[in-house]
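In this note's numbering, the protein residues as written are 26 to 109. Here a beta-carbon is modelled for each residue, glycine too, at the ideal position from N, C-alpha and C. Here the structure is a predicted model, which means the values were calculated and not measured. Before any comments, here is the structure.
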């Protein structure tokens, strides 16, 4: 299984969730996009993810990352939630 994880802040030329790049035969089986939101840098963190599979299906989710959390923790929650 080949999984590509992409944070929303990364700039990947020509590779967006709306194009057909995930349909390439040699591309990843799954593309996981993660993002986070934290107020004032450390409170009320939230995390979200979108998973695109080679067969064209999409899974989306979001989860609270904690009242007190760092950006790292919010990203970890997003990734863990997507892969769980």
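Going by beta-carbon coordinates alone, are residue 61 and residue 52 separated by less than 8 Å? Here the question's residue 61 lines up with position 36 in the chain shown. Here the question's residue 52 lines up with position 27 in the chain shown. Result no, Cβ atoms of residue 61 and residue 52 do not sit closer than 8 Å.
Out of curiosity, what's the CA-to-CA distance linking residue 114 and residue 55? In the structure displayed, the chain extends from 26 to 109; residue 114 sits before or after that span and is not available.
Could you please give the first and the last residue of the uninterrupted alpha helix (DSSP H) stretch that includes residue 100? Translated into positions along the chain shown, residue 100 becomes position 75. Residue 100 -> alpha helix (DSSP H) spans 96–108.
Taking the beta strand (DSSP E) that residue 91 falls in, what are its first and last residues? The residue labelled residue 91 in the question sits at position 66 within the chain shown. Start and end: 83–93.
Compute the distance between the beta-carbons of residue 90 and residue 99, then report whether it is under 8 Å. Counting from one through the chain shown, the residue named residue 90 turns up at place 65. Counting from one through the chain shown, the residue named residue 99 turns up at place 74. Yes.
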